[in-house]
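In my numbering, the protein residues as written are 2 to 673.
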């Protein structure tokens, strides 16, 4: 399209067939129209498509194809307002990743914009967007420098767009959407100091195509009792509560509660009560007039009584009459289901319970044992020091263990027999991993990586890492990549025929590694509690550059990806387990499982179907978790000989644990 006259030219035309104007590069335009998003010439004053006037140069939008920070290529306009614009861009470093780039062209609020970026960068929750970059730059078509914030692009639609499309939402649909918003607000309000959003409205709630909900736009958020972080509009009628209009701005969690309730009111009624802004409601009630906000049950009599009452209570002008917290508001909307029993069913239940108890007593110990979720089927003895790592062979018939005694042992675990002893490491063997059905790789405190044929016991290759003592090793499932983590960083080998290409990256001490099922994303845990996500394919041969997350206090001791690649489980020196969601190459903290283990986590693992996970700790506990809700279904406590490592069989119901007491224990897991 010609940027001057709007004529549609041939794809390869260099000049316009109608007016003769030179045509710009098809991959880049000088500026986009804020009304229709069309590509426009740098000197155009009106859009050739919609004929609307274009912004002045100081407020001019970027052109399609503009590359920011040599990394983010602008694709289209997502939104435009008084302080700037938001663009959809492609991350050229991670080709499949789309990002939202928020632009601020008002330098008077630059510091406030920076504070918003810093605030969002500290938040880790699956229902909140994450900021991954922030920078200042002067694009070639813009007369002044601008500030840019890069965050997750959340595909889908806003709640406002859904309301406009549907007219109004059903109660069940709205409550389903709001679960994620409540999760996010509870997380924000429980932070120390707490964070209050202060601008909850339908436009700031986004729903993805798969039904996930995000709370976005923290432009006027407030930390604790501090000042507003961005000096933009501090009240949004009719969603802001009365206290947000006052000069003191004394807002708190109850202010977010009011705005959330008004958002739900609008979604259920399909109308924005512009006549019922907070100041108008305050004035009406102070002068003895009726509240201009019509009760929800009058507009939607089909709504459940508890839902209508809860929303109207949260919309109280007097904030002392609202719920004590977002959590209490949530409980009023989602009451627990109570199952009632008729007299006949109650009698039947009592009799059945008695009969089951009697049968259980008669069958005795064997039935009790059979019903246990986890029970011991074998103990393997042979090592002369603590066992550091353990794994099953792909067919589940053999088990391989490594030890501080410098040996690797191959077991026929069913016969409790040692079939091979692999000797070579002069010091402790820290970790082992399978490369394929016959090859095994090991790392030790001698600083070498050794490749073995575990079936024959033959040492095939010794690879010096030159990064000090080695703590961890990971192998991609296609055996193309071999990575060792040690005291001085990473050593990476890339297979090239029968040879290896090698590169080293100085990151400090690396304690844990895990490959994503895509065989290109590597999770790295270091001694400072950080988790890095590195695209090893893109990063090979370049300076190490990868996003990281401050995860644990102390070293990240263990990492494991769920087999479908959606979750990462991390264990730390701080005795906590963290569950992370992986979305578009970024991590979002989903759950913090603290208080279950009391000392350092030594190992974490997922079962082959991802429905079960296991963790072990120096507090001598082994815990089994259901991953759908992360509840503990079994806990095993021993003596003082705590487990150092865990491994599930590739298929089946076996779990192996490596212990400080020089033994390997094989367990059978009876959980669906």
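Don't be surprised by glycine CBs; every beta carbon is placed ideally from N, CA and C.
Extent of the continuous beta strand (DSSP E) run through residue i
i: residue 432; result: 430-435
i: residue 420; result: 418-424
i: residue 318; result: No beta strand (DSSP E) holds residue 318; DSSP gives it neither H nor E.
i: residue 150; result: 147-153
i: residue 476; result: 471-476
i: residue 377; result: 375-382
i: residue 590; result: 587-594
i: residue 328; result: Premise fails: residue 328 lies in the alpha helix (DSSP H), 327-334, not in any beta strand (DSSP E).
i: residue 304; result: Careful: residue 304 lies outside any beta strand (DSSP E) and carries neither H nor E.
i: residue 1; result: Since the first residue shown for the chain is 2 and the last is 673, residue 1 is missing from the structure and cannot be characterised.
i: residue 561; result: 557-562
i: residue 90; result: 85-92
i: residue 402; result: 399-404
i: residue 82; result: Careful: residue 82 lies outside any beta strand (DSSP E) and carries neither H nor E.
i: residue 551; result: 549-551
i: residue 486; result: 482-487
i: residue 632; result: 632-638
i: residue 441; result: 440-445
i: residue 241; result: Unbroken run through residue 241: none, as it is neither H nor E.
i: residue 449; result: 449-454
i: residue 410; result: 408-413
Residue i - DSSP class collapsed to helix/strand/coil
i: residue 291; result: coil
i: residue 462; result: strand
i: residue 574; result: coil
i: residue 59; result: helix
i: residue 520; result: coil
i: residue 670; result: strand
i: residue 217; result: coil
i: residue 606; result: strand
i: residue 169; result: coil
i: residue 506; result: strand
i: residue 467; result: coil
i: residue 622; result: strand
i: residue 500; result: strand
i: residue 36; result: coil
i: residue 104; result: strand
i: residue 276; result: helix
i: residue 527; result: strand
i: residue 76; result: strand
i: residue 658; result: strand
i: residue 663; result: coil
i: residue 198; result: coil
i: residue 128; result: coil
i: residue 205; result: helix
First and last residue of the uninterrupted alpha helix (DSSP H) at residue i
i: residue 114; result: 111-122
i: residue 257; result: 254-270
i: residue 184; result: 172-191
i: residue 299; result: 297-300
i: residue 538; result: 537-540
Contacting residues, own chain, Cβ-Cβ under 7 Å from residue i (five flanking each side not counted)
i: residue 282; result: 292, 293, 294 and 318
i: residue 300; result: 270
i: residue 305; result: 172
i: residue 386; result: 404, 405, 406 and 663
i: residue 312; result: 262, 265, 266 and 297
Beta-carbon proximity list for residue i, same chain, < 6 Å, skipping 5 on both sides
i: residue 184; result: 128
i: residue 565; result: 611
i: residue 671; result: 374
i: residue 51; result: 36 and 37
i: residue 397; result: 650 and 653
i: residue 643; result: 619, 621 and 661
i: residue 147; result: 104 and 106
Proximal residues to residue i (C-beta, below 8 Å), its chain only, five neighbours per side dropped
i: residue 145; result: 59, 106, 108 and 139
i: residue 101; result: 79, 87, 88, 89, 90, 130, 151, 152, 153, 154 and 155
i: residue 542; result: 504
i: residue 520; result: 477, 478, 479, 481 and 482
How about the region 69-88 and the region 116-129: do they share at least three Cβ pairs that are nearer than 8 Å? no
Inspect the CB distances between the region 147-161 and the region 199-208 and report whether three or more fall short of 8 Å. Short answer: they touch.
With three or more beta-carbon pairs closer than 8 Å as the criterion, would you say the region 546-561 touches the region 498-514? yes
So, do the region 405-421 and the region 432-449 have three or more beta carbon pairs nearer to each other than 8 Å? yes
Could you tell me whether the region 526-540 touches the region 567-587, where touching means 3 or more Cβ pairs closer than 8 Å? yes
Cβ contact check for the region 488-500 and the region 452-470: 3 or more pairs under 8 Å: yes
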